[in-house]
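Residue numbers (the UniProt record's numbering): 1 to 391. Structure record follows, encoded as structure tokens.
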């Protein structure tokens, strides 16, 4: 990543400018992360995942391109229309001084916007001739796509959405380990302090400190691939693929329906399309019925009780339509909750207005769930990643 210029000596204001020759060299990451912190301070909820996506997008478009940097940040750092005005103000103050990245004065009212549909090649349609800036149209369309319900998308939108999964950065939750590590505060490390003193021939030395180390906590994903979940199954497996490729050996993936199938090996393929094809060949009950209670019992008897679920964060992706015995489901969810560190239930219908958890499976399981979250869009997946990392 290239470096950028620092202060603007012509104004003396300390503003950063992307279009001036380099005078004081700043590391690009320091400049961009400083911008994300300023954006967060202005009230825009910039998460760590969004900041990393902004760095990755800027590395692709090049930091020397002012307009591309502006749209890269707007597409990755803004989560709703209310963030756009604050983003424009902070971008102008941080990078451009009095220049305007959008080509309009801030005092002018924002004109009404109509989102143009994109054709198969990604170009703008004929519905809005005012969209003469393809970068602006594309950035707005990507942001809308992140918040759309995956179950309502056509094949074209699903293909475009699949390209955005690379922006997700799952992180494994952490747990305290038995060993200790050196730290700048915490408990006194008597042994290391004594060795420092002996190295000085018994003279007093600086006190050494230590704390309990941390290690990744296991994450187990149980993905419902029954008929009622088929509109979301592809996206959920892509999310599971991101967890496996990002967190490594600490993540296990199973599909549930009428059978339980372990698909972790297929998810370890680097290419997501190949991983989903390999998983499809492994799963015998794709788009079948739902017997959550029975499949959870098999999971706990064969895998969970032996240690896979013990102390782990278990994430269940299901809409809760149970064809089997709901009493069995409630009993197995109680077992799972007793073994796991945390149980997260992801229901794609939670994100829809007016949803009520009235399905028999949800009613039976809800008392044994720590987090009940939505899973209907890419934006919901980003929030889920934070829930898992903080569990």
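No residue lacks a Cβ here, since even glycine has one placed at the ideal position from N, Cα and C.
{"Check": "Cα-Cα separation, residue 220 to residue 353", "Outcome": "29 Å"}
{"Check": "Per-residue DSSP class, three states only, for residue 274", "Outcome": "helix"}
{"Check": "Touch test, the segment 278-286 against the segment 308-319, Cβ-Cβ under 8 Å, three pairs minimum", "Outcome": "no"}
{"Check": "For residue 222, the nearest candidate out of 270, 184, 162, 292 (CA to CA)", "Outcome": "292"}
{"Check": "Which listed residue (41, 65, 42, 37) has its alpha carbon closest to that of residue 52", "Outcome": "37"}
{"Check": "DSSP three-state assignment for residue 216, whether helix, strand or coil", "Outcome": "strand"}
{"Check": "Residue environment, residue 32, which counts as buried when at least 16 other CB atoms sit within 10 Å", "Outcome": "buried"}
{"Check": "Where residue 106 falls: helix, strand or coil (DSSP)", "Outcome": "Residue placement at residue 106 is poorly supported in this model, since its pLDDT is 42, which falls under 50; the coordinates still yield a value, given next. Looking at residue 106 - three-state DSSP - the assignment turns out to be coil, as it is neither helix nor strand."}
{"Check": "Residue 72 to residue 307 span [Cα, whole Å]", "Outcome": "43 Å"}
{"Check": "Helix, strand or coil at residue 247 [DSSP, three-state]", "Outcome": "helix"}
{"Check": "Exposure label - residue 320; buried when at least 16 CB within 10 Å", "Outcome": "buried"}
{"Check": "Rounded straight-line distance, which links the Cα of residue 213 to that of residue 446", "Outcome": "In this structure the chain extends from 1 to 391, so residue 446 is not present and cannot be described."}
{"Check": "Contact with chain B by residue 313, beta-carbon distance below 8 Å", "Outcome": "The structure shown contains no chain B; it is built from a single protein chain."}
{"Check": "Secondary structure, beta strand (DSSP E): runs of 3+ residues fully inside the segment 283-365", "Outcome": "313-317, 342-347"}
{"Check": "Proximity below 8 Å, CB of residue 200 to CB of residue 208", "Outcome": "no"}
{"Check": "Limits of the unbroken alpha helix (DSSP H) element including residue 388", "Outcome": "378-390"}
{"Check": "Given residue 297 as reference, the closest of 325, 234, 217, 194 once Cα atoms are compared", "Outcome": "325"}
{"Check": "Rounded separation between residue 239 and residue 376 - CA only", "Outcome": "12 Å"}
{"Check": "Integer Cβ distance of residue 83 from residue 44, believed to fall under 8 Å", "Outcome": "5 Å"}
{"Check": "Residue burial classification, residue 185 (beta-carbon count within 10 angstroms, cutoff 16)", "Outcome": "exposed"}
{"Check": "The segment 88-95 in contact with the segment 48-64 per 3-pair CB rule at 8 Å", "Outcome": "no"}
{"Check": "Through-space distance from residue 204 to residue 247, alpha-carbon basis", "Outcome": "44 Å"}
{"Check": "Test item: CB-CB of residue 79 and residue 379 under 8 Å", "Outcome": "yes"}
{"Check": "Inter-residue Cα distance where the pair is residue 371 and residue 250", "Outcome": "20 Å"}
{"Check": "CB of residue 255 within 8 Å of CB of residue 225, strictly", "Outcome": "yes"}
{"Check": "Minimum C-alpha distance to residue 42 - residue among 384, 165, 88", "Outcome": "88"}
{"Check": "Cβ-Cβ distance between residue 217 and residue 262 below 8 Å", "Outcome": "no"}
{"Check": "Anticipated Cβ contact below 8 Å, residue 311 with residue 341, distance rounded", "Outcome": "5 Å"}
{"Check": "Nearest neighbour of residue 243, chosen from 167, 198, 179 [CA to CA]", "Outcome": "167"}
{"Check": "Assumed close pair residue 171, residue 389 - CB separation to whole angstroms, cut-off 8 Å", "Outcome": "4 Å"}
{"Check": "Outcome for residue 210 when other beta-carbon atoms lying within 10 angstroms are tallied against a minimum of 16", "Outcome": "buried"}
{"Check": "Residue 188 to residue 176 span [Cα, whole Å]", "Outcome": "18 Å"}
{"Check": "Cβ pair residue 149, residue 351 closer than 8 Å", "Outcome": "yes"}
{"Check": "N-terminal and C-terminal residue of the beta strand (DSSP E) that residue 260 is part of", "Outcome": "260-262"}
{"Check": "Backbone CA spacing between residue 309 and residue 141 [nearest angstrom]", "Outcome": "40 Å"}
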